[in-house]
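*Asks:*
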Amino acid sequence: MKHGFTQVEVMLANTMLLILVAGFAKITEQTFEQIQLKTLKNELASHLGKWILAKLNNN
Numbered sequence: 131m132k133h134g135f136t137q138v139e140v141m142l143a144n145t146m147l148l149i150l151v152a153g154f155a156k157i158t159e160q161t162f163e164q165i166q167l168k169t170l171k172n173e174l175a176s177h178l179g180k181w182i183l184a185k186l187n188n189n
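The numbering used here puts the sequence shown at residues 131 to 189.
1. Suppose you measure from the CA of SER72 to the CA of THR158; what does that come to, to the nearest Å?
2. Can you tell me which of the three DSSP states PHE162 falls into?
3. Can you grab the Cα-Cα spacing for the pair ALA184 / LYS168, in whole Å?
4. Whole angstroms is fine: what's the gap from GLU139's alpha carbon to LEU150's?
5. In whole angstroms, give me the CA-to-CA distance for LEU147 and THR161.
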């Protein structure tokens, strides 16, 4: 009857865990970058809209 895990099984499990954590970190980083980019685009669109309205009102 087997008790516990072999060293190879533990090393394999640790490797899989590291891969999962690295993948999660990468996805989190990409999501954060997308949020920043979307915020920047919204700010630029807002400034452009205000600029256009100002130009239209001056003419």
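Built from N, CA and C at the ideal position, the CB exists for glycine as well.
*Replies:* The structure says:
1. Since the displayed the chain opens at 131 and closes at 189, residue 72 lies outside it and no answer follows.
2. helix
3. 24 Å
4. 17 Å
5. 21 Å
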